[in-house]
Amino acid sequence: MEKELTHEKMHELGAAHTHTHKETKAVLNRMSKIIGHMEAVKTMVENGRDCSEVLIQLAAVKSAIGGVSRVILKDHIDHCIVDAVRENDTEAIEELKKAIDKFL
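Structural data, given as structure tokens:
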């Protein structure tokens, strides 16, 4: 009988868990928009557009990246961390703390 791998066991084995979350499609759509926006900003720079206009667009991209990051973080907490707490997987919780430190 094959035993299901828990979050904790996966960490012990050095394996990353891969999965799809509820918000995966929305995250990918947002990322595509961000990439398109960055390509437009690159074109602005190549065409010698006003620095103020470029900076405004870069601020918009930065805000969009922050927004998609928050969606990923919330989804991670709702799924991975809830499972990790159920399984008493303290390593996953420590990894979340490190990610939050980098995010903020």
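For the sequence shown, the working numbering gives the first residue as 1313, with consecutive numbering after it. Cβ coordinates follow ideal geometry from the N, Cα and C atoms, glycine included. Bear in mind that the values here come from a model prediction, so they are computed numbers and not experimental data.
Asked                                                                                                 : Found
Alpha helix (DSSP H) segment containing Ile-1346, residue limits                                      : 1336 to 1358
Arg-1361, DSSP secondary structure in three states                                                    : coil
CA nearest to the CA of Thr-1332, picked from Gly-1348, Glu-1365, His-1391 and Ile-1412               : His-1391
Residue environment, Asp-1401, which counts as buried when at least 16 other CB atoms sit within 10 Å : buried
Inter-residue Cα distance where the pair is Glu-1358 and Ala-1352                                     : 10 Å
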